[in-house]
Amino acid sequence: MFIEVLKSKIHRVTVTEANLDYIGSITIDSDLLAAANMIENERVDIYNITNGERFSTYIIRGEAGSGIIGINGAAAHKAHVGDLLIIASYASMDFDEAQRWHPTVIFPTDNHIR
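When we follow our numbering, the leftmost residue of the sequence shown carries the number 1, and every step to the right adds one.
1. Can you grab the Cα-Cα spacing for the pair Ile63 / Ala98, in whole Å?
2. Looking at C-alpha atoms only, which residue of Ser8, Lys7, Arg12 and Met1 is the closest neighbour of Asn111?
3. Assuming Ser25 and Arg61 make a contact with CB atoms under 8 Å, what is their CB distance in whole Å?
4. Using the C-alpha atoms, what's the distance from Thr27 back to Met38?
5. Quick check on the DSSP output: the alpha helix (DSSP H) that includes Phe2 runs from which residue to which?
This is the structure we're talking about:
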């Protein structure tokens, strides 16, 4: 049996830009990606703390140290500049492995790793 478990989480980052005229995705500072054990093109679920919206998309790598959290395409209707987000990714693994698994969870300050 395989189950999905939390792989990585970036907890409470602030949206810095929202661009409706884009093909989709979320742009995330590459320093945050490395710290959270996430990669470009990985599927993520976005939980908007500010307005309760939830949606899925994929990651685009942003400039290191920029603090960018950019919501792109139609998702820009679900998150606006200044909104607080949780960004989570999940992994599928067998039940025994899942019992020993420990996700990577980061708590950035002002969208940066300190």
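Every residue, glycine too, gets a C-beta built ideally from N, C-alpha and C.
Result, derived from the coordinates:
1. First, the amino acid is wrong: residue 63 is Glu here, not Ile. Cα to Cα, Glu63 sits roughly 33 Å from Ala98.
2. Arg12
3. Contact flag wrong, Cβ pair sits at about 10 Å.
4. 12 Å
5. No alpha helix (DSSP H) contains Phe2, which is instead part of the beta strand (DSSP E) from Phe2 to Thr14.
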